[in-house]
Amino acid sequence: MDRIAGVPIPVSGPAPTGSTNAYVIGRSDALLVDPADESDELERALDRRSPAAVLATHAHPDHVGALAHYADEYDLDVYARSGYEKRFERATGVTPDAGVRDGDVVSAGEFGVDVTSMPGHAPDHVALTIDGVDATSMPGHAPDHVALTIDGVDATPGDGRQVPTERRGARVLVGDLAVAEGSVFVGPPDGDMRGYLTALRRLHARAPGELLPGHGPAIDDPRAVLGRLIAHRLDRERAVLAAVRNGHETPDAVVDAAYEKDLSGVRDLARRAVIAHLEKLAVESAVEWDGERARPVGDR
């Protein structure tokens, strides 16, 4: 039996692939991650692994839809990102038993999962590294986002920098930080583009061996995919900045100038992503942004 069972679960709300990957880590006293909805396949995996606890990479509905159900059904200890317990409780209806912080290790049977804060997609987002479930806080997509790291092995990034041995070559459960194809949505109300790019760079520097995303297939070329996602965001940022410098002030006007592809059905997402870029550029003093209009710095 592999130490990790991944189960794609169809979800009715917006999700990049129409499903969310739930994970069960450990062969006994396992850790359940991101139970989006009730699923017969997930329940079979849980029954084989006798879960002891549940944790979400972040508290978006498509990652926690069945968390309350499984916490009650299997009498699980419930973990949430420290500092975001109220956000978690609003999303799930469950009061967490304990909080996890950057660098904490959560038990997953015979393994420890290392938690890393990775905001950006959401403020509470974390990543989980397995062989400790290492909850690494990685906001950006969401402020509470974390990543989980699994199976640390010795590896070298290739650019001379040193990465701790327990991080290199590891499997990392990344939630909504990365997808094998396409890109991750980052925009208000939860998204922070600066945080997201920082999270991607932080994960890239750790030279993981495999990424287990919240949506879609596993990523077996992590540094290439992370590099692509970083480049995509920076290309879009340059287009947004050029649009502002060319006199486009409102988010809608910037969308029209910065996007060349057909936005049918996703224009609102593009508009919100542009706002996230404008917020980042304003913090970096590249533009002036009042929440409605953007202007080049010094343009009065």
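For what it's worth, UniProt numbering labels the leading residue of the sequence shown as 1, then goes sequentially.
Glycine is no exception: its CB is placed at the ideal position from the N, C-alpha and C atoms.
Quantities reported herein were computed from a predicted structural model and do not represent experimental measurements.
Annotation for Pro213: no alpha helix (DSSP H) segment contains it, though the beta strand (DSSP E) segment containing it runs Glu210 to Pro213. As a beta-bridge residue in DSSP terms, Leu128 pairs with Val115 and Leu173.
The distance from the Cβ of Ala127 to that of Ala30 is about 19 Å, inconsistent with a contact at the 8 Å cut-off. For Thr95, no beta strand (DSSP E) run applies, since DSSP gives it neither H nor E. When the Cα atoms are used, Asp114 and Gly265 turn out to be separated by approximately 38 Å. Here the alpha carbon of Arg245 sits roughly 16 Å from the alpha carbon of Leu234. Annotated as distal: Gly99 and Ser117, with beta-carbon spacing of 7 Å or more. For the stretch 193 to 233, the full-length beta strand (DSSP E) segments reaching 3 residues or more read 210 to 213 along the chain. With a 10 Å radius around the Cβ and a threshold of 16 neighbouring Cβ atoms, Thr129 comes out buried.
The C-beta separation of Ala273 from Val225 comes to about 19 Å, leaving the pair out of contact by the 8 Å criterion.
Ranking Pro35, Ser28 and Leu211 by CA distance to the CA of Thr20 puts Pro35 first.
Cβ-Cβ distances below 6 Å link Glu237 to His277 in the same chain, with the five nearest sequence neighbours on each side left out; the list follows chain order. Nearest to Ala243 by C-alpha distance, out of Ala286, Leu229, Leu211 and Gly18, is Ala286.
Of the candidates Pro16, Val11 and Leu32, Leu32 places its Cα closest to the Cα of Ala5. DSSP places Pro251 in the uninterrupted alpha helix (DSSP H) bounded by Pro251 to Ala258. Taking 7 Å as the cut-off, the Cβ atoms of Leu212 and Leu173 count as close. Under the three-state reduction of DSSP, Asp262 is assigned to coil, being neither helix nor strand. Proximity to Gly18 across Ile25, Val24, Arg27 and Asp37 peaks at Asp37, based on C-alpha coordinates. Bridge pairing for Val78: Val54 [DSSP]. For Ile275, no pairing in a beta bridge is given by DSSP. Three or more Cβ pairs drawn from the stretch 51 to 62 and the stretch 79 to 94 lie within less than 8 Å of each other, which places the two stretches in contact. DSSP places Asp104 outside both helix and strand once states are collapsed to three, so it counts as coil.
Taking C-beta atoms under 8 Å as the contact rule, Val64 and Leu42 fail to qualify, at a distance of about 14 Å.
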